[in-house]
Amino acid sequence: MWMYAESPTEFETAADIPQWVTDWLGRRRKTPGNKAEKPSTQGKDLSLARAEEPEKPEDPKAIARKEAAVQKRAADTQTAILGAIDDLETWIEDQLRTGVGALMNDLPGRCRAIAARMVDGKAAGLAGRLDEMPGQILSLPGEERLDALTAGLSKLIILARAYRIDPKSPEIRRAIATSETAEAVLQNPDAPRYKSTWEVVGERITTRRDDLVSQSTWLLNLGTTGPQFALLLDFFPVSLGRRSGAFTSGEQFTAELVFYPGNAPMRALINERTACDTVAWPQADTTPLADAARFETRAPWNDMAPVLLPTGRVGLSSKGTAWWIEAEGDLVLPIDQIPPDAVTGMVLDKTAAIWNGTRLSILSAQTKWGRVGLDA
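If you want my numbering, it's the 1-based position in the sequence shown plus 15.
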């Protein structure tokens with residue numbers, strides 16, 4: 016009815032009504048007690064029904080209305096996101112004014128409240144970061160929590176101001192609001208593409224507060240083309256239960272990866288994949304934290320950076336905490352998990368890990384006995 020009201024000329028036709036249409040209308044008009052005569056199927060011409068209708072040119076006015084509606088929705092979304100950023104910055108100022116100690120005492124409740132406001136403001140990315148912040152901070156030792164909270168709030172401020180400067184940046188918008196679809200990334204001509212040999216060095220499965228499970232698969236680039244690491248990220252509802260991964264830890268394959276555009280590309284999608292022969296790990300950088308620092312400089316709102324560590328070993332302190340100790344150097348880094356007894360003290364020739372600014376999370380390592388996985 017709406018289409019007819021807007022473009023009645025498109026409904027005009029000089030063709031005769033086919034007999035089968037007349038028969039169908041007759042069946043529709045029958046009333047209880049009056050049985051309509053069954054129409055004959057002999058001689059029925061279905062050519063008109065099967066024939067493809069020629070494409071009709073779109074009405075310029077309809078096209079203009081669609082474009083205006085798209086622009087209005089984009090403007091409304093932009094206004095909502097900027098309003099959410101204003102609310103977030105005001106909230107952070109209030110927390111700093113009243114003291115981060117008070118915020119720490121009620122961290123889950125306060126973060127949940129401001130996260131709900133971010134959802135209302137179409138800033139789902141900010142809402143997710145705020146929802147996950149209490150769990151990440153409260154899992155740390157007490158003496159480290161205030162520093163971690165301050166760093167987390169600082170990254171939120173940096174992200175909010177970066178959005179004000181460049182709201183069209185796909186990387187920033189991804190962190191603030193929502194991510195592009197996989198189809199959009201694969202079809203994006205500006206998305207970086209690298210074909211190389213990759214190894215699955217680890218997997219992390221995390222249950223989030225929004226009832227989604229995050230499945231992170233880390234890949235190490237065994238070639239010379241493209242970033243050193245890539246992240247395959249997938250989400251699915253908690254109600255589906257644990258799903259079997261598409262990859263096996265330690266598996267190697269040749270593939271073209273399409274990276275989500277950004278200053279520090281890390282998340283990627285597999286465009287095509289083939290089997291390959293076994294390839295050795297690349298040489299580790301002697302200054303792995305320098306690589307992490309450069310990665311953080313390009314995207315300072317990120318809270319993790321993958322690193323490839325040189326030869327070292329894992330040791331335990333007298334308090335039972337675990338440390339990665341460089342074999343030829345002074346670098347000593349705390350580890351967020353207690354490794355198995357068999358790994359403690361073992362020489363690790365090369366180690367793939369995630370650095371969050373304060374602690375390492377070891378994924379896997381190469382030893383003289385072979386590969387050791389620590390991502391479980």
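All C-beta atoms in this analysis are idealised placements derived from N, C-alpha and C, irrespective of residue type, glycine included. Quick caveat, the model's predicted, so the values are computed rather than measured.
Restricting to Cα atoms, I'd like to know which of the options is closest to residue i.
i    : options                   : result
L266 : P321, T240, N236 and D121 : Reading off the sequence, residue 266 comes out as Glu, not Leu. Considering only alpha carbons, the answer is N236.
E147 : G360, T221, Y275 and V347 : T221
I285 : P75, L201 and P149        : L201
D135 : L103, K183 and L161       : L103
E73  : M18, Q93, K87 and P242    : M18
S194 : D306, G98, I369 and R282  : R282
R132 : L97, L118 and T366        : L97
D225 : A130, Q352 and R328       : A130
L346 : M319, L118, R374 and Q352 : R374
Y209 : T293, T269, G124 and I180 : T269
W296 : A337, T312, K365 and P303 : K365
L111 : V362, A199, I172 and P156 : I172
G385 : E218, E158, T293 and A90  : T293
R219 : P207, D109, D249 and A199 : D249
W370 : Q34, V329 and F310        : F310
L122 : A128, P149, D101 and T105 : P149
Which word fits residue i, buried or exposed, when buried means at least 16 other C-beta atoms lie within 10 angstroms of its C-beta?
i    : result
F405 : Past the boundaries of the shown model lies residue 405; the chain is included only from 16 to 391, so the question cannot be answered.
E343 : exposed
I152 : buried
T46  : The predicted position of T46 is uncertain, since its pLDDT is 49 and thus under 50; a value taken from the coordinates is nonetheless stated next. Classification for T46: exposed.
N278 : exposed
F251 : exposed
N120 : exposed
W39  : exposed
Y275 : buried
K137 : buried
A20  : exposed
R141 : Reading off the sequence, residue 141 comes out as Leu, not Arg. Result: buried.
P204 : exposed
K170 : buried
S154 : exposed
N273 : Checking the sequence shown, residue 273 turns out to be Val, not Asn. Counting Cβ neighbours within 10 Å, V273 comes out buried, since at least 16 surround it.
From residue i to residue j, what distance separates their C-alpha atoms?
i    : j    : result
A177 : G335 : 41 Å
L323 : E287 : 25 Å
S333 : V387 : 25 Å
L145 : E186 : 18 Å
P355 : S376 : 14 Å
I421 : P321 : Here the chain covers residues 16 to 391 and nothing more, so residue 421 does not appear.
D31  : E271 : 56 Å
P242 : P280 : 8 Å
D300 : K183 : 34 Å
V115 : T382 : 44 Å
D318 : G372 : 7 Å
L348 : W338 : 6 Å
T302 : W316 : 22 Å
K76  : E82  : 10 Å
P156 : D351 : 11 Å
A368 : L378 : 5 Å
T240 : A305 : 20 Å
T113 : T105 : 12 Å
T94  : L161 : 33 Å
Mind checking who residue i pairs with in its DSSP beta bridge?
i    : result
Q93  : None; Q93 has no bridge partner.
P321 : I369
E271 : K210 and E287
P252 : L227
I340 : R328 and V347
A245 : L234
E218 : T232
V362 : R328
L375 : I350 and W370
T382 : G385
R112 : Bridge partners of R112: none, in fact.
R188 : R188 pairs with nothing; no bridge assigned.
R179 : Beta-bridge pairing links R179 to no other residue.
Q282 : In the sequence as displayed, the identity of residue 282 is Arg instead of Gln. In DSSP, R282 forms a bridge with L246.
Check the C-beta distance from residue i over to residue j and give it rounded, since I have them as a contact under 8 Å.
i    : j    : result
G238 : T212 : 5 Å
L234 : V215 : 6 Å
L174 : A190 : 6 Å
A139 : A192 : 6 Å
L389 : T359 : Wrong, their Cβ atoms sit about 11 Å apart, outside the cutoff.
L168 : I107 : 5 Å
S231 : L246 : 6 Å
T312 : V362 : With a Cβ gap of about 32 Å, T312 and V362 do not count as contacting.
Mind checking whether the beta-carbon of residue i lies closer than 7 Å to any heavy atom of the ligand MN?
i    : result
W106 : Looking at this structure, you won't find the ligand MN or any other ligand, since it has none at all.
With 8 Å set as the bound, which would you pick, yes or no: does the beta-carbon of residue i sit closer than that to a beta-carbon of chain B?
i    : result
L237 : Annotation note: the requested chain B is absent from the structure, which comprises a single protein chain.
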